[in-house]
Each structure stands twice: as C-alpha cells, then as structure tokens.
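Working notes, structure below.
Residue numbers (the UniProt record's numbering), protein chains in the order written: chain Z, 1 to 92; chain Y, 1 to 761; chain B, 1 to 210.
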C-alpha cells in the first residue's frame with residue numbers, strides 16, 4: 001500500500017490564495033516634478049494610492065496627477081511635458 | 001353725605017370712633033360696624049375746617065393702641081407658665097384686628113400719612129430714615145398697631161417667651177408632647193409683626209429667637225452626639241444620625257420660619273458629623289473592604305453635604321479597587337491570558353460600577369475614582385523595563401472574538417463583548433501600541449480569510465473611530481476596502497476566464513453550465529487573489545525574496561497579472577509570496593490530509609514529488625529562495641514533521657527526506673509558516689518600529705507647539721506635549737526630553753536659557 | 001518609511017513624516033538640496049543662505065576648464081517662490097560679469113529661466129546650464145550689447161577683458177581675506193586700482209614680449 005503511494009503524486013496542489021500589492025508602472029520610480037517616489041504620495045497628499053494617482057502621457061513620461069495638473073494650469077500657452085517638451089496628452 | 005368740609009368738633013365725634021375701634025381690635029361683634037357712617041366720620045374729621053383733625057385723630061388712635069397693648073401685656077405676663085398660650089390667643093386676635101383697622105383707616109392712611117411721608121422724603125431725600133425708629137414720623141395705622149405690639153409686648157417679654165419656647169422645643173426633641181399650634185404661633189408672631197418693615201423685617205426674629213434656638217440646638221446635639229458615640233459603634237451611629245437629622249428637619253417644618261430650616265440643619269450636622277469626622281475616616285476603609293453597602297450609603301449621605309466630605313471616601317475606594325485589581329491581574333495564569341485579563345477587568349469594572357450606582361447614586365467623584373483605578377490597573381507595568389502588556393492582550397482578545405472558531409457565538413454576543421472591550425481600550429495609555437497589534441492581527445485575519453463576520457469587524461472599527469477619530473482607523477477602513485475590491489476582482493476574473501476558455505477549443509468538451517464552473521474546472525486549481533494598497537497594510541514592501549513560482553501557478557498568475565493590468569491602466573502587480581497561502585492534498589500518507597501552508601513551504605514540498613530525498617542545495621536550485629529564507633522554511637517543515645532532517649544544521653548538502661509516517665488527528669488544518677524564533681524577532685521589530693513612530697510623532701508635536709508659541713519654558717512645553725499626545729499614548733518625560741534634544745541638534749529649536757526654548761524658523 | 005537618515009539636511013526628516021506642514025515648493029527645494037549633496041556635480045555648488053529661509057540660495061559656479069573662464073569663481077543668488085517648480089527662480093550673478101547674455105546688474109537672459117522653463121528642472125540642472133552658457137553665449141538675445149558686440153567683432157579683446165575681470169575678482173577675494181577693517185577700505189581701493197593697472201601693464205608687457 002505504501003509502496004504504490006510512493007509512486008503517486010504525493011503533494012497535489014488544491015487551492016491558492018495569493019496576496020499581491022500593486023504599484024504604478026513608471027519608467028523611473030520618482031515623479032519628475034515633485035521628486036517624490038511614485039509609491040509615495042505627491043508632496044501635498046497624505047496617503048498614496050488611489051487618492052494620489054499617477055498619470056501617463058502619450059510621450060510615455062508619467063507624473064503624479066496632482067503635480068502635472070498644477071504644472072499644466074500654470075502654463076499660459078503651450079502645455080508641454082516637462083521632460084520632453086512635447087505636447088502633453090494624458091493616456092486615460 | 002356731602003363732601004364739603006364742615007366744621008367738626010373732634011370731641012364730639014371721637015367717642016363713637018373709639019368705640020368702633022375697640023370693637024374692631026378685639027374682634028368682638030358688638031354692634032355691626034356701619035361702614036358708611038364710619039367712613040363719613042373719618043372723612044369729616046380729616047377734612048374738617050378750619051383745621052383738619054387728622055393729626056389729632058392720629059394721636060388719639062395711637063394712644064388707644066398703646067393703652068390696649070399695655071393691658072394685654074399685663075395679662076400675658078401674669079399668665080406665667082401659660083404665657084405662651086395666652087400670648088398666642090391675644091396675638092391672633094390683635095393681628096387680625098389690626099389689619100382690619102388698617103383698612104378702615106384707609107382715608108387717613110392715604111391722605112394724611114402718606115402725604116406727610118412724601119414730604120419728609122422730599123425734604124430730606126438723602127437721609128434713609130427707618131420710619132419706625134423715629135416716633136415723630138407718621139406711619140400707617142396698621143403698621144402702628146404692629147409696632148405697638150412689638151414695643152410694648154414683645155420687647156419686655158421676649159426673654160421669658162423665648163425661654164419657654166426653647167423649653168418646649170427641647171421637650172419635643174425628647175419626645176414629650178407639646179402644643180404645636182401654640183409654639184408655631186408665638187414664633188411666627190416674631191416674623192409677622194415686622195413683615196411690614198422695609199428693612200430687615202426678620203431682624204427681631206433672628207436676634208431675639210433664632211440665635212437662641214441655634215445655640216440651644218448646637219448644645220443639645222453636641223451632648224447627644226457624644227452620648228450616642230459612647231454606646232453605639234460607627235455603623236449604628238450613622239444610622240441613628242440619619243434618623244435624628246430627619247427628625248430635626250420635620251421639627252423645623254413644624255415650628256419654624258422657612259428661613260431657619262437650613263441653619264438648624266447645619267447646626268445639627270456640625271455637631272453630629274463634622275466634629276466626628278475622624279471616626280468616619282477611620283471606619284471608612286473597613287467598610288469598603290467588608291463591602292458593607294448599607295453603611296457606606298449612610299456614610300455617603302451624611303458626608304456629601306460637607307464640602308470635601310466625601311473626598312476621603314473617594315480616595316479609599318480608588319485605592320481599594322486598584323489594589324484588588326492589581327492582585328487579580330497579577331495572579332492570572334495560563335493559556336487563555338487575553339480573555340482572562342479582559343474578563344477580569346470587566347468584571348471588576350461592572351461590579352464597582354454597580355456599587356457606585358446603587359450606593360453612591362452615580363456621584364461623579366466616585367465615577368472618576370473608578371476610572372482612575374481602572375486606568376492604574378490596566379496600565380500597570382509588571383516589569384519596569386517593558387511596556388505594559390495590556391495593549392497586546394486586548395488586541396488578542398479582540399482577535400479571538402473576531403476569528404473563526406469552533407465556538408459559535410451569536411453576532412449579538414460578539415458585538416456586546418467588543419463593546420465591552422472598548423471600555424477597556426479607553427483606559428489604555430499606549431493606545432498606539434494597541435493600534436499596531438490590532439492592525440497586524442486584522443491583516444492576518446483578512447488575508448487568511450479567518451474573519452468570523454465582516455459585519456463584526458466593521459462594527460469594531462466603527463466603535464474605534466468613534467472613540468479615537470479618523471486618523472486611527474483610516475488605515476483599517478482602507479484595508480476593508482481593498483478586500484471588497486479584491487473580491488470583486490476575483491469574480492470579474494472568473495468571468496473573464498470563462499470567456500477566454502469558451503473561446504479556446506480545447507476546453508469546449510469540458511464545458512459545463514455556468515453555475516458550476518469554478519476556477520478549479522477552468523485552470524485546475526482554486527484561485528483567489530487579494531490585491532492590496534501597500535501603504536495601508538502592515539506589510540514591508542522591501543521583502544524582495546527571490547522565488548521561482550511552481551509550474552502549476554505560473555499560467556494562472558500570469559493571466560491574473562494581465563487581467564489586472566487591463567482593469568487598472570498604469571498599474572502592475574507585485575507578488576507577496578511570503579504572505580500567500582496554498583492548500584495541498586497529501587496523498588502519500590495513511591490517509592489524505594488537506595493542509596494549508598505558505599507558498600514557500602508548498603514549493604519545497606512539491607519538489608518531493610519528484611524524489612524522496614533532496615539536499616538543501618537542490619531545493620535552493622529548484623525554488624530559487626535565498627539561503628536564509630530557505631532555511632527558515634525548511635526548519636518549519638521539520639518542526640511540523642512533514643520532513644525529516646536535522647533542523648539545527650542545514651548546509652547545502654544536508655539531506656532532507658519526506659516523512660511517510662506523518663500522522664495527525666485532524667484531516668484538514670493549517671500550519672504556521674513562521675517559526676518560534678521568528679515570532680520573538682517579529683515582536684521585537686514591531687516594538688522598535690512603534691517606538692520610532694512615537695519619536696516622530698512627538699517631534700512633530702513639539703515643532704507644531706513651538707511654531708505657534710515661539711518661546712516656551714521647559715515645563716510648559718512638556719505639559720503641552722503630554723496634553724496633545726495623550727489621546728494616542730502617554731509619553732514618558734524622558735522620551736520627550738530626548739526628542740527635544742534631537743530637534744535642537746537639527747536646529748529646529750534653540751535653548752535660550754536654562755529652561756526656555758525658542759523656535760528656529 | 002525608508003531609513004537612510006544618515007545625511008539628510010534637517011528638514012528632510014520632517015518631510016518624511018506627513019504630520020507636519022511643509023509646502024510643495026519647500027519640499028521640492030529640500031530634495032534639490034539633498035540631491036546636490038548626494039550627487040556632487042563638478043563646477044557647481046549651492047545651498048540656502050541660512051536655515052531660516054529656504055527660498056533664498058547662494059550658488060557658486062566655477063569656470064569650465066580650458067576656457068577663458070577657467071579658475072574663475074562666480075557667485076550667484078537664486079530666489080524661489082512658493083510656485084516652484086512650476087515657476088522658475090530668479091537668478092542673478094553677484095560677481096561682476098562680462099557676457100553677452102548677462103545684464104550689467106547680473107541678471108540672466110536665458111531661455112530655460114523664462115519661456116522654456118520646465119517643472120522637471122532643478123537647481124542642479126539650472127546651474128549646469130548656466131555654466132555651459134558661459135562658454136557658449138547666444139548672440140541672438142543680447143543682454144549686454146557692449147559685450148555682445150565685443151564678442152562678435154573683437155573676440156581677443158572680449159577674452160582679455162573677461163580674464164581681467166577674473167583676476168580682479170581674485171584680488172578682491174584676497175583682500176577681503178586679509179583685512180576686514182572697513183576704515184582701511186579707501187586705502188585698499190586705491191592700492192587695488194594701482195596694483196591692477198600695474199599687473200595689467202605687466203601682462204601686456206609679457207604679451208608684447210612673446
């Protein structure tokens with residue numbers, strides 16, 4: 001009885017309960033405007049995460065939503081990406 | 001009747017007038033008084049020409065009244081022992097008569113007397129004359145009557161009267177019968193006779209009678225008090241005193257003017273209680289220890305009216321509760337320490353809460369003493385170097401309540417117990433430690449799906465929020481949110497899988513109706529993921545352990561990652577395998593076991609599917625775990641008897657063998673993936689982190705205070721800091737000092753003198 | 001919370017603790033300072049004037065090697081406001097400069113400080129740009145027309161005057177090192193003037209001699 005068991009699958013996988021945390025996809029780890037890491041909030045918010053999101057631009061650069069919004073609002077004329085100076089269009 | 005002034009002869013009219021007066025004043029019905037005639041007489045006399053007889057009328061009336069009262073006085077005085085009775089009889093008659101007379105003299109009062117009074121006042125406006133004291137002044141007839149009584153009867157006789165009164169009252173005190181009406185009548189006459197006076201109407205009463213009464217009362221009770229104390233013990237004495245006080249209160253109402261009630265009571269109180277305070281103090285502790293509720297209640301009633309009367313009682317109670325509580329807590333032993341701790345405290349709290357309610361009428365001072373005592377007990381440090389264990393115990397208690405267990409308590413029972421634990425929570429000094437423990441345990445429950453009911457969990461968090469504010473519970477709320485979102489994600493993922501699978505021809509043959517399609521049928525294993533917002537959970541993000549995911553998991557995990565990336569643009573997942581769990585079925589043993597274990601452990605065991613024996617090095621190769629982590633996991637498996645090997649010496653060539661003889665009573669169970677050593681390390685690390693947090697918090701508080709105040713003395717700063725932080729935890733003065741030093745180093749503060757600081761912008 | 005607290009200037013500790021209130025500009029400036037200290041860049045150096053005011057900085061640029069500005073040290077002030085980094089700082093040379101794009105009062109005519117400012121620029125990158133501006137003037141936006149003309153029409157003279165200014169600045173530094181007494185200021189100025197002329201003469205003689 002034991003011998004035949006030795007040949008069977010001894011440990012069979014039944015159920016998996018995984019735990020993961022999410023992070024922002026960003027080419028570098030910090031926002032170019034406030035210089036705080038994306039995992040942390042921008043300099044005005046208390047807690048990072050859903051309330052302090054990260055925006056990507058079509059030029060592939062990304063910033064804290066609050067930071068880039070402030071920058072865009074302070075520009076009278078062309079709204080340009082701070083890094084590459086292309087027109088800033090955020091990816092939804 | 002004409003209103004024209006006529007020539008009147010006073011002596012002509014006077015006898016009739018006098019007759020009428022006499023009748024009125026003695027209340028005899030001799031000849032019904034013809035009002036009409038009467039008023040005519042008065043009027044005529046007043047307005048007679050050439051001269052008004054008003055003054056003469058006034059004088060004659062006055063003389064009559066004086067004569068009348070003099071004769072009455074003689075009668076009263078002669079009455080000797082019956083003096084009080086006779087006096088009352090005459091007074092009753094006279095006072096009514098005088099009032100009636102006053103009415104009859106209305107015209108004289110208004111036209112003659114009042115006019116004169118106004119003139120006097122005009123001429124000498126600055127002189128506030130007491131009209132009664134000056135015989136030359138005119139007063140209304142009624143008032144004049146009373147003044148005659150006072151002057152002619154009361155003044156000379158008052159000593160005798162008062163003595164008789166006091167004698168009667170004394171007799172009443174020793175329970176002999178007395179004539180209540182008489183006594184009251186005499187006493188009230190002192191009040192009523194002066195009621196018309198504008199200034200100090202009670203002067204006669206107070207000076208002549210009340211003062212003597214109070215003195216007599218004091219004397220009496222001084223003696224009585226001493227006598228009782230010599231024959232009764234304290235408990236009995238208190239009972240007796242309460243009775244005496246009640247008695248005296250009743251007596252006051254029987255005999256005295258209301259203004260005297262409190263004064264008499266105070267006098268009794270003074271001699272019966274206040275002078276004997278020491279005795280009460282000495283007895284107090286004994287009563288509390290013996291729990292003599294009745295006696296304590298009596299003592300409370302007696303001492304409450306005194307300003308700091310109950311203070312001693314309050315202190316004794318607090319000390320006793322503290323002492324009992326500490327004793328009980330220290331003697332607690334055993335496995336179930338958290339529950340014992342909390343329940344002991346609650347029992348104590350309830351017991352004395354009831355005592356305070358029943359015996360001390362929920363008196364605020366006693367309630368605070370209970371609070372202080374409980375706070376002392378809860379925060380007692382048994383080891384002076386370590387913090388109190390209470391926060392952890394309380395957190396464990398809540399954890400036990402909220403965790404799934406074989407005991408099925410109803411939701412209501414759980415909520416009630418949680419509410420009770422909040423009571424204890426409020427006494428904690430180190431609330432922030434509790435928060436840490438609670439959060440950690442909550443995380444464990446949520447991730448391992450061990451909560452008995454989400455409603456109960458949320459109930460507890462709501463209660464904590466009500467007690468402490470949002471800051472405390474914000475993270476906890478976000479944790480719940482993550483779980484809800486994850487549940488949602490999992491069902492969406494399942495839907496997505498169905499869509500993918502149905503498009504995949506391979507699985508079409510195995511397609512079943514949608515209601516029974518589970519994750520297992522779709523990808524071979526049951527699968528659920530919690531995706532967490534890192535900052536709200538007590539998870540360290542820097543655990544970058546290398547790990548090679550077992551083959552069965554690769555595809556599902558990858559699919560989930562993709563799915564998540566589509567759901568949330570711009571986000572990526574980072575797996576925390578050290579927290580993930582898996583359930584495996586062990587088929588190689590005497591019967592199948594279903595064991596839930598950590599992912600790393602499972603990965604190690606899966607390797608043994610290929611071969612019975614493996615070296616540590618081979619395992620390292622297969623799982624790609626770093627040496628330290630691998631060692632930890634292997635040790636836990638050896639501890640759990642799933643593997644055979646030498647746990648103390650694990651080198652890369654050490655051999656491990658799967659244990660075919662494993663047995664356990666339970667078929668389905670969990671194993672812990674943290675070894676014993678780690679638990680201690682973890683606890684230490686947690687404690688350090690909590691202490692670091694406190695330092696930061698204090699620094700922020702200090703900067704905030706100094707920014708507002710600019711300059712502050714050392715002691716005031718310490719005080720402010722404690723006030724502001726004590727909601728969270730009770731900072732030690734040492735720690736505050738340390739933080740001040742740190743801030744000086746960092747140039748936020750400056751020391752301006754030996755004990756003053758100033759803010760550096 | 002990360003725990004690399006070794007080299008942080010004072011305020012950075014607070015910025016990692018969200019319970020204190022620091023504005024966005026201040027936080028950003030702290031990070032710029034930290035970045036300057038951790039990643040030293042050759043030729044530039046900057047820090048706030050004093051601990052009380054993070055909005056006012058002193059900076060020093062050294063002249064790029066192998067250029068006429070070699071061995072010169074040039075002092076600047078940088079004024080920030082609460083809109084930084086969405087708004088550029090006001091920058092001005094304290095040291096007397098001769099350059100087509102530097103006004104006589106020391107302020108700069110530089111595109112990245114005006115219309116081509118970007119929120120991703122920081123103290124470090126701005127100073128680096130200014131440093132390269134020194135050896136690469138833009139004649140199309142002249143701030144100092146005399147210098148611009150010299151640069152365009154008489155390069156040698158331009159370079160000579162620049163060297164002269166640099167040498168003057170060395171002497172000033174020397175004198176301020178030796179003697180702080182203001183009574184002797186006048187005497188010092190007179191001596192300086194004569195010495196400069198003497199040295200200039202000497203240099204000219206040397207040049208002529210070559």
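All C-beta atoms in this analysis are idealised placements derived from N, C-alpha and C, irrespective of residue type, glycine included.
With respect to the C-alpha of residue 6 (chain Y), the residue from Y:723, Y:47 and Y:26 having the closest C-alpha is Y:47.
Annotated three-state conformation of residue 366 (chain Y) is helix, per DSSP. For residue 78 (chain B), the three-state secondary structure derived from DSSP is strand. For the stretch 137–166 of chain B, not one full-length beta strand (DSSP E) segment reaches 3 residues or more.
Under the criterion of beta carbons closer than 8 Å, residue 187 (chain Y) and residue 257 (chain Y) qualify as touching, at roughly 7 Å.
Not one beta carbon of chain B lies nearer than 9 Å to the beta carbon of residue 65 (chain Z).
Beta-bridge pairing by DSSP links residue 80 (chain Z) to Z:87. A distance of 9 Å or more separates the beta carbons of residue 453 (chain Y) and residue 483 (chain Y).
If you ignore the 5 residues before and after residue 430 (chain Y), its C-beta comes within less than 8 Å of the C-beta of 379, 387, 388, 390, 391, 729 and 730, all in its own chain and listed in chain order. The three-state reading of DSSP puts residue 58 (chain B) in strand, counting E and B together. Going by DSSP, residue 596 (chain Y) is part of the beta strand (DSSP E) stretching over 593–598. DSSP links residue 643 (chain Y) through a beta bridge to Y:658.
One alpha carbon belongs to residue 289 (chain Y), the other to residue 313 (chain Y), and they sit about 12 Å apart. Under DSSP, the beta-bridge partners assigned to residue 669 (chain Y) are Y:595. Ranking B:106, B:170, B:84 and B:82 by CA distance to the CA of residue 91 (chain B) puts B:106 first. Setting aside the 5 residues that flank it on each side, residue 65 (chain Z) is surrounded in the same chain by 53 and 55, each with a C-beta closer than 6 Å to its C-beta; the list follows chain order. Here residue 48 (chain B) is bridged, per DSSP, to B:57.
Using a CB distance cut-off of 9 Å, residue 119 (chain B) counts as an interface residue toward chain Z. Remark: C-beta atoms of residue 318 (chain Y) and residue 372 (chain Y) approach each other more closely than 9 Å. According to the DSSP assignment, residue 615 (chain Y) belongs to the beta strand (DSSP E) that extends over 613–615. The same chain holds no residue with a CB closer than 6 Å to that of residue 351 (chain Y) once the five nearest residues on each side in sequence are set aside.
Scanning its chain for C-beta atoms nearer than 6 Å, with the 5 sequence neighbours on each side dropped, one finds around residue 72 (chain B) the residues 63 and 166, in chain order.
In this structure, DSSP gives residue 338 (chain Y) a helical state, which the three-state scheme calls helix. Inter-segment contact for the stretch 248–263 of chain Y and the stretch 295–314 of chain Y is absent: fewer than three beta-carbon pairs are separated by less than 8 Å.
Within the stretch 225–266 of chain Y, the runs of alpha helix (DSSP H) that reach at least 4 residues and sit entirely inside it are, in chain order, 234–255.
Relative to the Cα of residue 58 (chain Z), the nearest Cα in the group Z:33, Z:89, Z:80 and Z:71 belongs to Z:89. Within the stretch 14–35 of chain Z, the residues whose Cβ lies closer than 8 Å to some Cβ of chain Y are 14, 15, 16, 17, 18, 19, 20, 21, 22, 23, 24 and 25, listed in chain order. The beta carbon of residue 55 (chain Z) falls within 9 Å of a beta carbon belonging to chain Y, placing the residue at that interface. The C-beta of residue 593 (chain Y) has 16 or more other C-beta atoms within 10 Å across all chains shown, which makes the residue buried. The shortest CA-to-CA distance from residue 72 (chain Z) to any of B:137, B:53, B:117 and B:142 is the one to B:117. Contact between residue 622 (chain Y) and residue 599 (chain Y) does not hold, since the beta-carbon distance rounds to 14 Å and is not under 8 Å. Sequence-distant partners of residue 111 (chain Y) (beyond 5 residues in either direction) whose C-beta falls short of 7 Å from its own C-beta, in its chain, are 46.
Here the alpha carbons of residue 104 (chain B) and residue 143 (chain B) stand approximately 8 Å from one another.
Per DSSP, the continuous beta strand (DSSP E) segment holding residue 758 (chain Y) begins and ends at 756–759. Residue state for residue 15 (chain Y) is assigned as helix, using DSSP reduced to three classes.
Listed by position along chain Z, the residues whose Cβ is nearer than 9 Å to that of residue 114 (chain B) form an empty set, because the closest Cβ is around 12 Å away.
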